[in-house]
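Q: Questions regarding the structure given below will be posed in turn.
Residue numbers (my numbering): 24 to 407.
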C-alpha cells in the first residue's frame, strides 16, 4: 500500500489530489493545501503500518454518507389544532381562570379560524409557523370594521400573543412574535372610544343614606348584600360567594377568600389569588346578623342542605344569585321619586370605586387587615 499526492493544474483550482494504491486498486481524496496533502499521506502510511486497509475504510465511509438518513423537516400543527390545546394547558396551570378560557375559545372560533386568506385558505388551517403579523392584523381590521369593541380585539390578541411567546422562548420558533405589536391594526381611536362616551359618575358619600334607605325599603333581602359593597368595599362576586364562616364577629372583620365567576359558573379564588381580611363596621355586622337570622329560618322551612345554608346571600332556591337576575329584581321600576334613584337599573359592578372609602378607618387598637378598600359593588351612571 502506498500514497502519493499531486497538485491539480488542469482546472485552474488550487487543490491537491492524494492517491492511495493497494494491489492495483486506488482511491482519490482531494484536499485544499499542500500541507493537508502531506499530512494525509503520512496518516495513510501510519495506518498501513498498523495493518489497516485504508482503501476499505475510505469506501465504507463513502457508502455511509450515501445512505445517510434524510433530514427531518419539522411539521407544525395548525392554529385550529394548537390554540385550544394551549388554552386548556393555561387553564390547568392556573394562568387563566374564570370565563377567560371560554371567551378566548369563542372569539378565536368566530374571528380567527374562519378568516379567509388571499389564496383561499382559512387562517385556522394554516400551520402556526406560517402565520404572519399581517394576517393577524387583517383579522383585527375586520373586527374593527364590524364595529366590535376593543374587548373582542383583546380576546383575539391576548391568546395569540401568549401562545407564540411559548415556542419563541423555547426556541421552537424564531421571533418576532407575530401578535406582539399590533398597534397599527388596532388603531388609535379604539382606546378613545370609552373616553368619548364619558366617564361614569359614582355615588357620592352624601348620597349614601338615601341609597341605603332605598335598598332597605324596596329590597330588604339584598340590602345587606349592597352594604357589603358600600361599607366593606367588596366586589360583587366576592359578596355573592361569602360563607357564614367568613365573618369573624369577635374581631369585626370579613375574610374574603373566594369569588363567584358568572362566566365560569362556579366559585373560584379572588382575582389576586389571595384572600384578605376586611374590617366590618358595627352597622354592617348588625345588618349581616339580621340577614343571617332570616336566611336561617328560610333554610329550615325549605329544608336546605348544609352546603346551601353556608351561603350568606343565597337566592330563593338556595343557590348563588346571578348578577343578571340581581339587576332584574332590583330594577328601578318600583322606585318612587321620594326614595331617590333606582338601584339595579343604574348600577353595575365596578372593580374600583370611591364608595370603598365609605368603609370605616382602622383605629390604632383595631384588628389589622390586609389590603385597603379594594372595590365597591355599585356605581351610578348619570345621564348627561
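Even glycine gets a Cβ: it sits at the ideal position worked out from N, Cα and C.
Mind checking which residues open and close the beta strand (DSSP E) that includes residue 282?
A: As a working mapping, residue 282 is identified with position 259 in the chain shown. Element bounds for residue 282: 282 to 284.
Q: Please state whether DSSP places residue 26 in a helix, a strand or coil.
A: Here residue 26 is taken as the residue at index 3 of the chain shown, counted from 1. Three-state DSSP puts residue 26 in a strand.
Q: Have a look at the DSSP bridge pairing and note the partners of residue 32.
A: Here residue 32 refers to the residue found at position 9 of the chain shown. Residue 32 is not bridged to any residue.
Q: Between which two residues does the beta strand (DSSP E) harbouring residue 291 extend?
A: The residue labelled residue 291 in the question sits at position 268 within the chain shown. First-last of the beta strand (DSSP E) with residue 291: 289 to 291.
Q: Taking the beta strand (DSSP E) that residue 249 belongs to, which residues open and close that run?
A: Position 226 of the chain shown, counting from 1, holds the residue named residue 249. First-last for residue 249: 243 to 255, but that is the alpha helix (DSSP H), not the beta strand (DSSP E).
Q: Report, in whole angstroms, the separation of the C-beta atoms of residue 333 and residue 285, which I expect to be a contact under 8 angstroms.
A: To locate residue 333, count along the chain shown from 1; it is residue 310. To locate residue 285, count along the chain shown from 1; it is residue 262. Residue 333 to residue 285, Cβ: 20 angstroms. No contact.
Q: So for residue 46, helix, strand or coil by DSSP?
A: Your numbering for residue 46 matches position 23 in the chain shown. Residue state, collapsed to three classes: coil.
Q: Does the Cβ of residue 113 have 16 or more other Cβ atoms within 10 Å, making it buried, or fewer, making it exposed?
A: Within the chain shown, numbered from 1, the residue matching residue 113 stands at position 90. Buried, since its Cβ has 16 or more Cβ neighbours within 10 Å.
Q: Strictly by DSSP, which residues pair up with residue 278?
A: Translated into positions along the chain shown, residue 278 becomes position 255. Looking at the DSSP assignment, residue 278 forms a beta bridge with 300.
Q: Got a sec? Which residues, its chain only, sit under 7 angstroms from residue 182 by beta carbon, not counting five neighbours each side?
A: As a working mapping, residue 182 is identified with position 159 in the chain shown. Excluding positions up to five away in sequence, the list reads 106, 110, 127 and 131.
Q: Determine the closest residue to residue 138 out of 121, 166 and 118, with distance taken between C-alpha atoms.
A: Taking the chain shown and counting its residues from 1, the one referred to as residue 138 is at position 115. That would be 166, whose Cα lies nearest to the Cα of residue 138.
Q: Taking the alpha helix (DSSP H) that residue 182 belongs to, which residues open and close that run?
A: As a working note, residue 182 is residue 159 in the chain shown. Its alpha helix (DSSP H) spans residues 173 to 192.
Q: Is the beta carbon of residue 100 sitting closer than 8 angstroms to the one on residue 54?
A: Numbered from 1 along the chain shown, position 77 holds the residue referred to as residue 100. Numbered from 1 along the chain shown, position 31 holds the residue referred to as residue 54. No, the Cβ-Cβ distance between residue 100 and residue 54 is not below 8 angstroms.
Q: Can you give me the C-alpha to C-alpha distance between residue 60 and residue 29, rounded to a whole angstrom?
A: Position 37 of the chain shown, counted from the first residue, corresponds to residue 60. Position 6 of the chain shown, counted from the first residue, corresponds to residue 29. Rounded to whole angstroms, residue 60 to residue 29 spans 8 angstroms at the Cα level.
Q: Kindly indicate the opening and closing residues of the alpha helix (DSSP H) around residue 68.
A: Position 45 of the chain shown, counted from the first residue, corresponds to residue 68. First-last of the alpha helix (DSSP H) with residue 68: 57 to 72.
Q: What residue does the alpha helix (DSSP H) around residue 305 start on, and which one ends it?
A: In the chain shown, residue 305 corresponds to position 282, counting from 1. Run containing residue 305: 305 to 325, per the alpha helix (DSSP H) assignment.
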